[in-house]
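**Student:** If you read the sequences in order, they're chains A and B.
According to my numbering, the first sequence is numbered sequentially starting from 1.
According to my numbering, the second sequence is numbered sequentially starting from 1.
Quick reminder that beta carbons are idealized off the backbone N, C-alpha and C, glycines included.
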Amino acid sequence: GIQVEQSPPDLILQEGANSTLRCNFSDSVNNLQWFHQNPWGQLINLFYIPSGTKQNGRLSATTVATERYSLLYISSSQTTDSGVYFCAAENDYKLSFGAGTTVTVRA
Amino acid sequence: GAVVSQHPSWVICKSGTSVKIECRSLDFQATTMFWYRQFPKQSLMLMATSNEGSKATYEQGVEKDKFLINHASLTLSTLTVTSAHPEDSSFYICSARGDGRRYNEQFFGPGTRLTVL
Numbered sequence: 001g002i003q004v005e006q007s008p009p010d011l012i013l014q015e016g017a018n019s020t021l022r023c024n025f026s027d028s029v030n031n032l033q034w035f036h037q038n039p040w041g042q043l044i045n046l047f048y049i050p051s052g053t054k055q056n057g058r059l060s061a062t063t064v065a066t067e068r069y070s071l072l073y074i075s076s077s078q079t080t081d082s083g084v085y086f087c088a089a090e091n092d093y094k095l096s097f098g099a100g101t102t103v104t105v106r107a
Numbered sequence: 001g002a003v004v005s006q007h008p009s010w011v012i013c014k015s016g017t018s019v020k021i022e023c024r025s026l027d028f029q030a031t032t033m034f035w036y037r038q039f040p041k042q043s044l045m046l047m048a049t050s051n052e053g054s055k056a057t058y059e060q061g062v063e064k065d066k067f068l069i070n071h072a073s074l075t076l077s078t079l080t081v082t083s084a085h086p087e088d089s090s091f092y093i094c095s096a097r098g099d100g101r102r103y104n105e106q107f108f109g110p111g112t113r114l115t116v117l
């Protein structure tokens, strides 16, 4: 299956700071999704982004499919942004998840 | 749109009993659903792919007789953990492939936390 690597594994931010999370994948994909897992375990869909750039409020994402990576940008971080961010890539009809980036935003 | 529910949200059972977890797509039809398992502070691991009206496809290393999956309708898939043991304790999450233009996306349920005593 496809290999997905996320970096950094942990990120500590001061409220208001900006950050970039990275996701590398080992093969071509027909689906690339970013999720935020809240403290209760619910996975929240952030972006479906197999290629290109999307923005949703303070979050934006870019996937460069030819170079096999995706970036998630968090701007003006808030304490509610804390949690684990997962990148997941799909080929052969299966999503493979990265290990996640744990983000802690301090007030 | 694209809401997925799971029931129960948590369950505690004695070793040797069976537990059934339901996964429903509430506002769309899901021909394909997936079951994942997540251990504390780890990522999600795909257990099986469930297609409506056919047998589930299990990932390597997942015991099909231990984890029974039934996808009887376009909105419901069930996972039954048979003869549960403490090592089956985990967080089980289902997802459903979207329909129409959102077919390539997966939408996740809130998860079920299973504790086997």
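1. So, helix, strand or coil for Arg24 of chain B, using DSSP?
2. What number of angstroms, rounded off, separates the C-alpha of Asp65 of chain B from the C-alpha of Ser54 of chain B?
3. Look at the Cβ atom of Ser50 of chain B, then the Cβ atom of Arg24 of chain B, and state whether they are nearer than 8 Å.
4. Is Tyr93 of chain A buried or exposed, if buried means 16 or more other CB atoms sit within 10 Å of its CB?
5. Just to confirm my understanding: we take Gln33 of chain A, look at its own chain, exclude 5 residues before and 5 after, and list those with CB closer than 6 Å. What are they?
6. Contact criterion: CB-CB distance below 8 Å. Does Phe97 of chain A meet it with respect to chain B?
7. Mind checking Phe39 of chain B: buried by the 16 CB within 10 Å criterion, or exposed?
8. Considering only their Cβ atoms, is the gap separating Arg97 of chain B from Gln48 of chain B smaller than 8 Å?
9. Please return the same chain residues whose Cβ sits closer than 7 Å to the Cβ of Thr57 of chain B, not counting the five positions on each side in sequence.
10. Comparing the C-beta of Phe25 of chain A with each C-beta of chain B, is any distance below 8 Å?
11. Excluding the 5 residues flanking Ala84 of chain B on each side, which residues of the same chain have their C-beta closer than 8 Å to its C-beta?
12. Can you pull out the residues from the region 70 to 83 of chain A whose beta carbon lies closer than 9 Å to at least one beta carbon of chain B?
13. Could you tell me if Gln106 of chain B is buried or exposed, where buried requires 16 or more neighbouring beta carbons within 10 angstroms of its beta carbon?
14. Note down, in chain order, each residue of its chain lying with its Cβ closer than 8 Å to the Cβ of Asp99 of chain B, except the 5 sequence neighbours on either side.
15. Pull out every residue of the region 20 to 52 of chain A whose Cβ sits closer than 8 Å to any Cβ of chain B, in chain order.
16. Out of A:Ser82, A:Glu15, A:Asn18, point me to the one whose CA is closest to Pro39 of chain A's CA.
17. Quick check on Asp27 of chain A: buried or exposed, where buried means 16 or more other Cβ atoms within 10 Å of its Cβ?
18. Measuring only between beta-carbons, confirm whether Phe91 of chain B sits less than 8 Å from chain A.
19. As a quick exercise: from A:Ile12, A:Arg58, A:Ile2, A:Arg68, pick the residue whose alpha carbon is nearest that of Val84 of chain A.
20. With C-beta atoms as the reference, is Thr112 of chain B less than 8 Å away from Val11 of chain B?
**Tutor:** In brief:
1. Looking at Arg24 of chain B - three-state DSSP - the assignment turns out to be strand.
2. In this model, Asp65 of chain B and Ser54 of chain B are separated by some 16 Å (Cα to Cα).
3. No. Outside cutoff.
4. Tyr93 of chain A comes out exposed.
5. Apart from the 5 residues on each side of it in sequence, Gln33 of chain A sits with its Cβ closer than 6 Å to the Cβ of Tyr48, Ala88 in its chain, given in chain order.
6. Yes, contact with chain B.
7. For Phe39 of chain B, the number of other beta carbons within 10 angstroms of its own is below 16, and it is reported as exposed.
8. In the sequence on display, residue 48 of chain B carries Ala and not Gln. No, these two residues do not count as a Cβ contact at 8 Å.
9. Hits under 7 Å: Ala48, Thr49.
10. By this cut-off, Phe25 of chain A is not an interface position.
11. Closer than 8 Å at Cβ, skipping near neighbours: Cys13, Ser15, Gly16, Thr17, Ser18, Val19, Leu114, Val116.
12. For the region 70 to 83 of chain A, the set of residues with a beta-carbon nearer than 9 Å to any beta-carbon of chain B is empty.
13. So Gln106 of chain B counts as buried.
14. Once the five neighbours on either side are set aside, the close Cβ partners of Asp99 of chain B are Phe28, Gln29, Ala30, Thr31.
15. Answer in chain order: Asn30, Asn31, Gln33, Phe35, Trp40, Gly41, Gln42, Leu43, Asn45, Tyr48, Pro50.
16. When A:Ser82, A:Glu15, A:Asn18 are compared, the shortest CA-CA separation from Pro39 of chain A is found for A:Ser82.
17. Asp27 of chain A is exposed by the Cβ-count criterion.
18. Chain A, which has a Cβ nearer than 8 Å to the Cβ of Phe91 of chain B, makes this yes.
19. For the residues A:Ile12, A:Arg58, A:Ile2, A:Arg68, the minimum Cα distance to Val84 of chain A belongs to A:Ile12.
20. Annotated as proximal: Thr112 of chain B and Val11 of chain B, with beta-carbon spacing under 8 Å.
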